[in-house]
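Okay, structure first, notes after.
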Amino acid sequence: MAAVTGWKGMGAETDLLVVYCTASPEEGDALARALVEEGLAACVNIASVRSCYIWEGKVNLDPEALLIIKTTRDRFGALRKRIVELHSYSLPEIIALPVAEGHQPYLDWLARSVG
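Residues in the sequence shown are numbered consecutively from 1232, following the numbering used here.
What follows is the structure, encoded as structure tokens:
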């Protein structure tokens, strides 16, 4: 059936993750490039968003870059560590969601492409 590590079939999770991370608009491109070049991510989509959040008791509404990062469970620890090292925020958003299903050729490529 599938070459994706951990593939369990329809409706079951794979060993693939989609990770969300926000960054300043100025650093989003560099962060994405570093993660891909270092083999921590197969692909990073970068979208311009506005984030509303509470920080130090104040409500903020700021432009940010939303990084949608595709990686594997095996690489997540290293990816998280690298984001923290490179990120300008003292508390970067790093949220990982499991991939349940997808276009199989793409999932296979993703799994092969991550270091």
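Built from N, CA and C at the ideal position, the CB exists for glycine as well.
Please classify P1256: does DSSP put it in a helix, a strand, or coil?
Coil.
Since P1336 is in the alpha helix (DSSP H), which residue starts that stretch and which ends it?
1335-1344
Nearest-angstrom Cα distance between D1305 and H1334?
21 Å
Nearest residue (CA-CA) to D1260, options C1283, S1321, L1317:
Check the Cα spacing between D1260 and each of C1283, S1321, L1317: the tightest is with L1317.
Please report how far the alpha carbon of A1234 lies from the alpha carbon of A1331, in whole angstroms.
A caution first: A1234 carries a pLDDT of 46, below 50, which makes its placement in the model unreliable, though a value can still be read off. If I take the Cα positions, the gap works out to 15 Å.
Which term fits E1287, buried or exposed, when burial requires 16 or more other beta carbons within 10 angstroms of its beta carbon?
Taking all protein chains in view, the Cβ of E1287 is surrounded by fewer than 16 other Cβ atoms within 10 Å, so the residue is classified as exposed.
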